[in-house]
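K.L.:
Sequence order for the protein chains is A and B.
The numbering of the first sequence is my numbering, which starts it at 187 and goes up by one.
The numbering of the second sequence is my numbering, which starts it at 66 and goes up by one.
Note that the Cβ used here is the ideal one computed from N, Cα and C, for glycine as well.
Since this is a predicted model, take the numbers as computed values, not measurements.
This is the structure I have questions about; it appears just below.
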Amino acid sequence: MRYAYYPGCSLHATSKEYDRSLHAAALALGVQLQEVEGWFCCGSTAAHSVSHLLGAALPLANLAAVRRMGMDEVMVPCPSCFSRFRFAQRRVESDPAIAAEVAEIVPGDYNARVLHPLEVFSRPEMLETIRQQTVRRLPGCKLVCYYGCLLTRPKDVTGFDDVENPQTMDTVLRAAGFDVLDWSFKTDCCGASLALTRKDVVLELGRAILRGAKDAGAQAIAVACPLCQVNLDTRQEEIEALAGERYGLPILYFTQLLGLAMGVPADDLMLGKHFVAANFALTGVSDHG
Amino acid sequence: MVERVLRVDERSQGFTELVTALSGVQVDACFQCGKCASGCPVAFAMDYTPTQLVHLIQLGQREEVLSSRTIWLCSACQTCSTRCPQGVDLAEVMDALRIIAAREHRAAPVPAVPAFLRHSIGNIGVFGRTYELGLMASLKLSTGDIRQDLGLGLRMLGKGKFNLLPGFRGSGTARRIIRRVKAREKT
């Protein structure tokens, strides 16, 4: 299996560990990733907030680059990019006026299928491979899966399994032997880029999510979004100070957890990048099978 | 949440149509059930809840809507759009409102948000891929809020979370696209 790969800005900067662990997990699962040549920012939150045309043109130009590589499927791990790509495709499909303008600014073919790694890893044959490749058990490690906003919403754009109670990440991590718990905050918002502009809002939203995970009995939170990870991890101490309680919840990418289970070398998981140390992951590993 | 006496007069005309046309969303379809307000994660910090904002649009309250904090605090999480029983894509409406407010060069009541949007686009135009350290620095300098999060930034730096130097890969194409879009939207 081979896909074009669009890392997006975060995975080459604040979230290098997501990039590296995704590559490691993909390798273990026989998935080849080929980085999109000359890719640039999809415009993220900013472009669509200032211009419909820019919000469509930046992602579609990157999809045109995928097509120029002779590929028609691209893996996009950052939910913000993933969402912007799919929104842009919907925009030109549903709005002929914008489509004509985009075609002049960014000529080319943008008909590449945009996939999130969770969509690929949750296919039945991949789940079977994950089960076979799982060589390490993390005893007593209870997780909750936090999907955030843009991976699941809106369903007609993302095509994800469920907007209120998604199961895709739960299924993938269960296949890797983790004890995944049910909880109520799977798709609640972390405040995203308000972290840079209205920190108070992000601290309050983060508090509710961390408290919810704690109440569910979780020892760690699995995420698939760079912004969710940074907001919940790097600001956790501040949130604890504000709330007057301690959470101590490591916020790990699902790819790091997959890597842990499949015996990927620690160097490729970069667990040391996180503020809240994943002690259970570093010490509680036992070999099995 | 605020309570205020509203005036519906000739100045109220045309705004609902403008928002509907720009967003492509039938704002009139809203019957005020309140689902968007109850699900909105940021409603607690807004002046008007999303439900109130839609009502204001229906009543043509241009000033109230475009000078609200609500349009800048919306985190674009899509919860309202997903849950609306009438298919009112409120996230799309919020984009349209931010675009109108920016076109009219209105001073935003939450200036950091439009500053963030402007600096983000500027950053992409220069570097192609977001140069996070540069974005933080330019944003903090422009808002004069240099001290906040300085400690956090330094810790993140210590963890190797930032690229110290920017790259310029993809910057030519990104810059060209931004320039062409701007040229088009000026006419």
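I believe CYS375 (chain A) touches LEU391 (chain A) by the beta-carbon criterion, under 8 angstroms. Please report the beta-carbon distance rounded to the nearest angstrom.
P.N.:
As a position in the first sequence, residue 375 (chain A) is number 189, starting the count at 1. As a position in the first sequence, residue 391 (chain A) is number 205, starting the count at 1. Indeed they touch by this definition, with Cβ atoms about 6 angstroms apart.
K.L.:
For a test of your reading of the model: does the CB of THR85 (chain B) fall under 8 angstroms from any non-hydrogen atom of the ligand SAH? Yes or no.
P.N.:
As presented, the structure is devoid of all ligands, the ligand SAH included, so that no description of it is given.
K.L.:
Under the rule that 16 or more other beta-carbon atoms within 10 Å means buried, what is ASN417 (chain A), buried or exposed?
P.N.:
Indexing the first sequence from 1 puts residue 417 (chain A) at position 231. ASN417 (chain A) is buried by the Cβ-count criterion.
K.L.:
For the alpha helix (DSSP H) containing MET355 (chain A), name the first residue and the last one.
P.N.:
Indexing the first sequence from 1 puts residue 355 (chain A) at position 169. Run containing MET355 (chain A): 354-361, per the alpha helix (DSSP H) assignment.
K.L.:
Compute the Euclidean distance between the alpha carbons of TYR191 (chain A) and GLY199 (chain B), then round it to the nearest angstrom.
P.N.:
Position 5 of the first sequence holds residue 191 (chain A). Position 134 of the second sequence holds residue 199 (chain B). Approximately 25 angstroms, taken between the alpha carbons.
K.L.:
Among A:ALA361, A:ALA362 and A:LEU367, which residue has its Cα nearest to the Cα of ASN351 (chain A)?
P.N.:
As a first step, residue 351 (chain A) is located in the first sequence; it is residue number 165 there, counting from the start. Considering only alpha carbons, the answer is A:LEU367.
K.L.:
So what does CYS331 (chain A) bridge to, in DSSP terms?
P.N.:
Position 145 of the first sequence, counted from the first residue, corresponds to residue 331 (chain A). According to DSSP, which records beta bridges pairwise, CYS331 (chain A) is partnered with A:ALA408.
K.L.:
Could you check whether THR231 (chain A) and ALA378 (chain A) sit closer than 9 angstroms to each other, using their CB atoms as the reference points?
P.N.:
Looking up residue 378 (chain A) in the first sequence gives position 192. Looking up residue 231 (chain A) in the first sequence gives position 45. In this structure, THR231 (chain A) lies closer than 9 angstroms to ALA378 (chain A) by Cβ.
K.L.:
Got a sec? Which residues, its chain only, sit under 6 angstroms from PRO179 (chain B) by beta carbon, not counting five neighbours each side?
P.N.:
Reading the second sequence from its first residue, position 114 is the one you call residue 179 (chain B). Excluding positions up to five away in sequence, the list reads ALA173.
K.L.:
Going by beta-carbon coordinates alone, are ARG270 (chain A) and HIS234 (chain A) separated by less than 9 angstroms?
P.N.:
For the purposes of this step, residue 270 (chain A) is identified with residue 84 of the first sequence, where counting begins at 1. For the purposes of this step, residue 234 (chain A) is identified with residue 48 of the first sequence, where counting begins at 1. Contact: yes.
K.L.:
Give the interface partners of VAL292 (chain A) over in chain B, defined as CB-CB distance under 8 angstroms, in chain order.
P.N.:
Taking the first sequence and counting its residues from 1, one reaches residue 292 (chain A) at position 106. By Cβ distance, chain B contributes ILE242.
K.L.:
Which of helix, strand or coil does DSSP assign to CYS262 (chain A)?
P.N.:
In the first sequence, counting from the first residue as 1, residue 262 (chain A) sits at position 76. The sequence given here places Val at residue 262 (chain A); Cys does not occur at that position. Reduced to three states, the DSSP call for VAL262 (chain A) is coil.
K.L.:
Under 6 angstroms Cβ to Cβ from PRO245 (chain A), same chain only, skipping five residues before and after it: list those, please.
P.N.:
Taking the first residue of the first sequence as position 1, residue 245 (chain A) is located at position 59. The residues are CYS228, ARG270, PHE271 and ALA274.
K.L.:
Using CA atoms only, rank isn't needed, just tell me which of A:LEU197, A:ALA447 and A:ARG421 is closest to SER266 (chain A).
P.N.:
Start at 1 with the first residue of the first sequence, and residue 266 (chain A) comes out as number 80. Comparing Cα-Cα distances from SER266 (chain A) to each of A:LEU197, A:ALA447 and A:ARG421, the minimum goes to A:LEU197.
K.L.:
Would you tell me roughly how many angstroms separate the C-alpha atoms of LEU359 (chain A) and VAL462 (chain A), rounded to the nearest one?
P.N.:
On the first sequence, position 173 is the one that residue 359 (chain A) refers to. On the first sequence, position 276 is the one that residue 462 (chain A) refers to. Approximately 21 angstroms between the Cα atoms of the pair.
K.L.:
Does the CB of VAL300 (chain A) have a neighbour CB from chain B at under 9 angstroms?
P.N.:
As a first step, residue 300 (chain A) is located in the first sequence; it is residue number 114 there, counting from the start. Chain B contact via Cβ: absent.
K.L.:
I'd like the span of the beta strand (DSSP E) that includes VAL300 (chain A), first residue to last.
P.N.:
Stepping through the first sequence from its first residue, residue 300 (chain A) is reached at position 114. Looking at the DSSP string, the run of the beta strand (DSSP E) that includes VAL300 (chain A) is 299-301.
K.L.:
Leaving out the 5 sequence neighbours to the left and right, which residues in its chain are closer than 6 angstroms to ALA211 (chain A) when beta-carbon positions are compared?
P.N.:
One-based indexing of the first sequence puts residue 211 (chain A) at position 25. So the list reads THR441, LEU444 and GLY445, once near-sequence residues are dropped.
K.L.:
Using a Cβ cut-off of 9 angstroms (strictly closer), state whether LEU336 (chain A) contacts chain B.
P.N.:
The residue you call residue 336 (chain A) lines up with position 150 of the first sequence. True, the Cβ-Cβ gap to chain B drops below 9 angstroms.
K.L.:
Which residues in chain B sit within 9 angstroms of LEU249 (chain A), going by Cβ to Cβ distance?
P.N.:
Taking the first sequence and counting its residues from 1, the one referred to as residue 249 (chain A) is at position 63. Under the 9 angstroms cutoff, chain B gives no residues; its nearest Cβ is about 13 angstroms from LEU249 (chain A).
K.L.:
Are the beta-carbon atoms of LEU71 (chain B) and LEU124 (chain B) separated by less than 9 angstroms?
P.N.:
Indexing the second sequence from 1 puts residue 71 (chain B) at position 6. Indexing the second sequence from 1 puts residue 124 (chain B) at position 59. Closer than 9 angstroms, so yes.
K.L.:
TYR204 (chain A) by DSSP, collapsed to three states: which one?
P.N.:
Residue mapping note: residue 204 (chain A) aligns to position 18 of the first sequence, counting from 1. Helix.
K.L.:
So VAL178 (chain B) contacts chain A; which residues on that side make the cut at Cβ distance below 7 angstroms?
P.N.:
What you label residue 178 (chain B) is simply residue 113 of the second sequence in a count that begins at 1. What VAL178 (chain B) touches in chain A: THR383.
K.L.:
Measuring straight from C-alpha to C-alpha, what distance separates GLY99 (chain B) and LEU206 (chain B)?
P.N.:
Translated into the one-based positions of the second sequence, residue 99 (chain B) becomes position 34. Translated into the one-based positions of the second sequence, residue 206 (chain B) becomes position 141. GLY99 (chain B) and LEU206 (chain B): Cα-Cα distance of roughly 39 angstroms.
K.L.:
Can you give me the C-alpha to C-alpha distance between THR135 (chain B) and GLN405 (chain A), rounded to a whole angstrom?
P.N.:
As a working note, residue 135 (chain B) is residue 70 in the second sequence. As a working note, residue 405 (chain A) is residue 219 in the first sequence. Each residue's alpha carbon lies about 35 angstroms from the other.
K.L.:
Determine, using beta carbons only, whether CYS145 (chain B) and GLY104 (chain B) come nearer to each other than 9 angstroms.
P.N.:
Start at 1 with the first residue of the second sequence, and residue 145 (chain B) comes out as number 80. Start at 1 with the first residue of the second sequence, and residue 104 (chain B) comes out as number 39. Taking 9 angstroms as the Cβ cut-off, CYS145 (chain B) and GLY104 (chain B) qualify as a contacting pair.
K.L.:
Looking at the structure shown, is ARG323 (chain A) part of a helix, part of a strand, or coil, going by DSSP?
P.N.:
One-based indexing of the first sequence puts residue 323 (chain A) at position 137. Reduced to three states, the DSSP call for ARG323 (chain A) is strand.
K.L.:
Which one of A:ASN297, A:ARG339, A:LEU329 and A:PHE371 has the shortest CA to CA distance from THR357 (chain A)?
P.N.:
On the first sequence, residue 357 (chain A) is found 171 positions in, with the first residue counted as 1. Taking only the C-alpha atoms, the option nearest THR357 (chain A) is A:LEU329.
K.L.:
For LYS459 (chain A), count neighbouring Cβ atoms within 10 angstroms of its own Cβ and tell me buried if that reaches 16, exposed if not.
P.N.:
Along the first sequence, read from residue 1 onward, the residue named residue 459 (chain A) stands at position 273. Its Cβ being crowded by 16 or more others within 10 Å, LYS459 (chain A) is buried.
K.L.:
State the Cα-Cα distance for the pair LEU118 (chain B) and ALA102 (chain B), rounded to the nearest angstrom.
P.N.:
Against the second sequence, residue 118 (chain B) aligns to sequence position 53. Against the second sequence, residue 102 (chain B) aligns to sequence position 37. Cα to Cα, LEU118 (chain B) sits roughly 10 angstroms from ALA102 (chain B).
K.L.:
Chain B partners of PHE226 (chain A), CB-CB under 8 angstroms?
P.N.:
For the purposes of this step, residue 226 (chain A) is identified with residue 40 of the first sequence, where counting begins at 1. ILE189, GLY193, ARG194, ARG234, GLY235, SER236, THR238 and ALA239, listed in chain order.
K.L.:
Starting from ILE186 (chain B), find everything on chain A with Cβ-Cβ shorter than 7 angstroms and list it in chain order.
P.N.:
Translated into positions along the second sequence, residue 186 (chain B) becomes position 121. The answer, in chain order, is ALA232, ALA233 and VAL236.
K.L.:
Can you give me, in chain order, the residues of the stretch 306-324 of chain A that have a beta carbon less than 8 angstroms from any beta carbon in chain B?
P.N.:
Here the close residues number zero.
K.L.:
Rounded to whole angstroms, what's the CA-CA distance from VAL175 (chain B) to ALA361 (chain A)? Just pull it up for me.
P.N.:
The residue given as residue 175 (chain B) occupies position 110 in the second sequence. The residue given as residue 361 (chain A) occupies position 175 in the first sequence. Going from the Cα of VAL175 (chain B) to the Cα of ALA361 (chain A) covers about 45 angstroms.
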